[in-house]
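One structure is given here, and the rest of the page talks about it.
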Amino acid sequence: MAVEIRLEQSKFKDKKGAGKWYARTVSTGVVTTEELADSIQENTSFSRGDVRGLVIALVDEISYRLREGETVALEGLGRFHLTVESEPVDNPEDFDIKTHVKNVKCRFVPTSTRNARTGKKNQNLAYGARVEWAEPEYDDEDDD
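The opening position of the sequence shown corresponds to residue 1 in my numbering, with each subsequent residue numbered one higher.
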């Protein structure tokens with residue numbers, strides 16, 4: 001299996017690449033916690049219940065640590081941290097948390113390694129991924 005792509009035209013009107021075509025990934029499906037637990041159970045000594053329980057506990061602990069203001073780093077996976085969206089103000093004295101903070105979001109930054117020769121970062125989770133064209137979508141009405 002490989003990562004599938006198709007081309008999409010940029011919809012941004014004010015950007016330098018407006019109207020140009022870019023590769024976009026196409027999801028081939030969603031894998032649930034249950035499916036991951038089944039697969040891990042088959043390949044390790046952990047039971048499906050152990051895996052599910054661990055995932056639930058991990059999510060709960062990550063959420064707690066983020067709410068405490070910490071960044072959570074999972075080696076080999078990445079870092080989670082919270083960010084805020086806020087309305088701008090002209091003067092710092094005018095900023096009110098209840099009025100100007102609009103949203104709190106969780107951000108994830110995948111673990112990466114920097115290529116010493118090129119200086120580019122390579123995301124560990126994407127290492128070795130192959131890219132192929134997605135099958136074209138056909139309109140059923142054209143089959144007549």
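Note that CB positions come from ideal geometry on N, CA and C, so glycine has one too. This structure is a prediction, so every number in the text was calculated from the model and none was measured.
For the pair of segments examined, the region 35-43 was found not to touch the region 9-18: the number of CB pairs separated by less than 8 Å stays below three. For asparagine 103, the enclosing beta strand (DSSP E) covers residues 101-110. Listed in chain order, the beta strand (DSSP E) elements of length 3 or more contained wholly in the region 63-98 are 72-74 and 78-86.
Note on valine 59: under 16 other CB atoms within 10 angstroms of its CB, so exposed under the neighbour-count rule.
Taking 8 Å as the upper bound for CB-CB distance, arginine 130 and valine 26 are not in contact here, some 14 Å apart.
Relative to the Cα of asparagine 103, the nearest Cα in the group Glu75, Glu85, Asp94 and Ser112 belongs to Glu85.
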